[in-house]
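In my numbering, the protein residues as written are -3 to 672.
All C-beta atoms, glycine included, are put in the ideal place defined by N, C-alpha and C.
These numbers come from a predicted model, not from an experiment.
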Ligand code: NOJ
Ligand code: CA
């Protein structure tokens, strides 16, 4: 009897301690999403997310482990809460759409420890109808003035039976991996954005916004569909060190019924601070060609010597081609001293001001200017950020003087092998997405902004929407780019771009470098697409800097398909996803920011498909000449990538186009606005 009573009491205690109390609640403006903040009897906070009342994120823990201080994770009470609503429409200086609506309801909750140090932690949730962001804010307080974060305990509990698209974190090749498609339960440690489709078809993309002076977040599966933040390490036990007050980046979930809904979603930008550079009309989206693919094909070298690519004559030829074909820029890699020998390992050898003797920097910059073209600068650092910072001011001064308005930077180094200078002046090996490198990238962007220069970083830190705050952060790599199809084994598979659109691209623009016409490369598989798909990528993969990446002779030999690359703009007033499934296919329509024409791009994976594209986005009553670049009847990425048909017809908003895409294929369409 007594034994039974004890068991009953024990069960009762368990039931009580397991029951968390909802202490605050907030819904999105249209009542689509809601969040509840709960605190259990031990004072452990958690949050959960519902969509139309149905749970999509089960109660998920919040908190921090600190270095040499008690954790911030239990013993909390809700000390204060407030809500507010916000609704504005802001204008992008450049982008995938001109106007962005930022409409959310916000919950701010202060958690304070009930005893002990009595420390406080603020939680801020912003609910949009198509997504959620939340962050922590460390208030100024006597018992927590210098924060050293050992681990963030934030969790995301999603249905384990869904499907996830993800790339692994903490592997040597940083973000340059092919996407895995697995059950959620089989994810290991994933980078963000990670995209999930639940069994009932809901799409959720997990990422972060406004990653400033903090370390990048990965997601570690801890079983049963539960993910925990896995912050990128720092140089000692702390992953982040900062004096309070400060906010963490926003932890984000874009949530939509369809895959396309994830793309037509401005959550990440909206959670960033407005432009802090003032007039940024000097940041110009542009198309460029370059002395680049030839090195990846090993037809010339970055290093000096008889096969040097960046020679005055070769660059002049590229400037002439750019001027004759309406390109704004010419990228030149291998122009500066430091490429000889093992440049991957010898970042300290790079000079960012001394050209190789066979490259007439001043003369070429002047020649370019005279022809209405500009050189695009290049700073490969091999990840030696400290060495780059030593020279960066002088390097940007030089480029400013020469009228160079955009610079591609590069951080080729294995993960964990970037180098920064520690507070003690010594060189430290760090991760590309750790706090130190995130600080570095902001220093670079600000130094560049002072000279009105835009930056396109390769091997960057992840994109978290900072382009809103620093609009000269114009593009980046941060995924497996086209270069893998020059020399990779395997090269990028046909599904790669249909994966990117719904994962990496949710973070922001990518300098993917499309436009390859000659599919035989050093890679055993070659470029695994049709020619029409290469054209479609200019619409499908958003970037305000788009390269026509192939060798000039391949464009000269194919003037008709090349016309699409000449025509396609890089700045848009509107972008719409017409259809799509993650990793399978997608069709996107975009409107030229400087005109009335629309452009459509569709790509598929290794399957041939027939897609419907309703043109209801066109202005009613207006006629458009559709210039169609489609896969020919025998096109196939394996056997006949070059089979392309180029044809025209007149259409209106009442028409639907049926797009036939070959295996590994695509279709690109320009819709030229005619009179009414
Ligand atoms: C890697 C970049 O992604 C590529 O575009 C560049 O050519 C090389 N680094 C050399 O900087
Ligand atoms: Ca790269």
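Three-state secondary structure assigned by DSSP to residue 498: Residue state, collapsed to three classes: coil.
Closest by C-alpha distance to residue 153, when choosing among 557, 670, 387, 194: Among 557, 670, 387, 194, the Cα nearest to that of residue 153 belongs to 194.
Under 8 Å between C-beta atoms of residue 532 and residue 664: One thing to note: residue 532 has its Cβ within 8 Å of the Cβ of residue 664.
DSSP-derived helix/strand/coil call for residue 428: Reduced to three states, the DSSP call for residue 428 is coil.
CB contact flag (residue 271, residue 205, <8 Å): The answer is no: Cβ separation not under 8 Å.
Inter-stretch contact at 8 Å, needing at least 3 Cβ pairs: the stretch 334 to 349 / the stretch 362 to 381: As far as the Cβ criterion goes, the stretch 334 to 349 touches the stretch 362 to 381, which means the pair count is three or higher.
Residue interval of the beta strand (DSSP E) (run including residue 296): Looking at the DSSP string, residue 296 is not in any beta strand (DSSP E), and its letter there is neither H nor E.
Which of helix, strand or coil DSSP assigns to residue 123: Residue 123: strand per DSSP, three-state reduction.
Residue burial classification, residue 364 (beta-carbon count within 10 angstroms, cutoff 16): Residue 364 is classed as buried because its beta carbon has at least 16 other beta carbons within 10 Å across all chains shown.
Backbone CA spacing between residue 47 and residue 182 [nearest angstrom]: In this structure, the straight-line span from the alpha carbon of residue 47 to that of residue 182 is close to 25 Å.
Beta-carbon spacing of residue 687, residue 345 below 8 Å: Coverage of the chain is limited to positions -3 through 672, which leaves residue 687 absent and any answer about it impossible.
Neighbour-count burial assignment, residue 7, 16 or more Cβ in a 10 Å radius: Caution is warranted here: a pLDDT of 47 is assigned to residue 7, below 50, making its placement in the model unreliable, and the coordinate value is therefore given only provisionally. Here residue 7 is exposed: its Cβ has fewer than 16 other Cβ atoms, across all protein chains shown, within 10 Å.
Burial state of residue 653 (16 or more Cβ within 10 Å): Buried, since its Cβ has 16 or more Cβ neighbours within 10 Å.
Assigned secondary structure, residue 362 (DSSP; H/G/I helix, E/B strand, else coil): Helix, per DSSP.
First and last residue of the uninterrupted alpha helix (DSSP H) at residue 336: Where residue 336 is concerned, there is no enclosing alpha helix (DSSP H), given that its DSSP letter is neither H nor E.
Inter-residue Cα distance where the pair is residue 623 and residue 26: For residue 623 and residue 26, the distance between alpha carbons rounds to 40 Å.
Residue 230 - containing alpha helix (DSSP H), residue span: For residue 230, there is no enclosing alpha helix (DSSP H), since its DSSP letter is neither H nor E.
Whole-angstrom distance between residue 115 and residue 13, CA atom to CA atom: Confidence at residue 13 is low in this model, with a pLDDT of 45, below 50, so its placement is unreliable and the value that follows should be read with caution. Rounded to the nearest angstrom, the two C-alpha atoms are 23 Å apart.
First and last residue of the uninterrupted alpha helix (DSSP H) at residue 529: DSSP places residue 529 inside the alpha helix (DSSP H), whose first and last residues are 527 to 536.
Selection from 322, 277, 359 that minimises the alpha carbon distance to residue 309: The closest CA to that of residue 309, considering only 322, 277, 359, is found on 359.
Proximity of residue 426 and residue 244 at Cβ, strictly below 8 Å: Between residue 426 and residue 244, the C-beta gap is not smaller than 8 Å, which leaves the two residues out of contact.
Coarse secondary structure for residue 367, derived from DSSP in three states: Note: residue 367 maps to coil in three-state DSSP.
Exposure of residue 629, with buried meaning 16 or more beta-carbon neighbours within 10 Å: With fewer than 16 other Cβ atoms within 10 Å, it is exposed.
Coarse secondary structure for residue 261, derived from DSSP in three states: Three-state DSSP puts residue 261 in coil, outside helix and strand.
Cβ neighbour criterion (16 or more within 10 Å) applied to residue 290: Residue 290 is buried by the Cβ-count criterion.
Opposing strand residues paired with residue 86 [DSSP bridges]: Answer is 96.
Nearest neighbour of residue 265, chosen from 594, 617, 248, 104 [CA to CA]: If we check each option's Cα against that of residue 265, 248 comes out closest.
Segment contact flag, the stretch 286 to 305 with the stretch 522 to 537, C-beta cutoff 8 Å, min 3 pairs: Segments in contact, no.
Spatial neighbours of residue 262 in its chain, beta-carbon cut-off 7 Å, leaving aside the 5 residues before and after: The residues are 96.
Simplified DSSP state of residue 197, which is helix, strand or coil: Coil, per DSSP.
heavy atom of ligand 1 below 7 Å from residue 492 C-beta: Checking every heavy atom of ligand 1 against the Cβ of residue 492, none is found closer than 7 Å.
Boundaries (first-last residue) of the beta strand (DSSP E) holding residue 213: DSSP places residue 213 inside the beta strand (DSSP E), whose first and last residues are 213 to 217.
Of the listed residues 505, 299, 640, nearest to residue 543 (C-alpha basis): Measuring from the Cα of residue 543, the nearest candidate turns out to be 505.
Contact test: residue 288 Cβ vs ligand 1 heavy atom, cutoff 7 Å: Under cutoff, so the answer is yes.
Any non-hydrogen atom of ligand 1 within 7 Å of residue 454 CB: Yes, ligand 1 has a heavy atom inside 7 Å of this Cβ.
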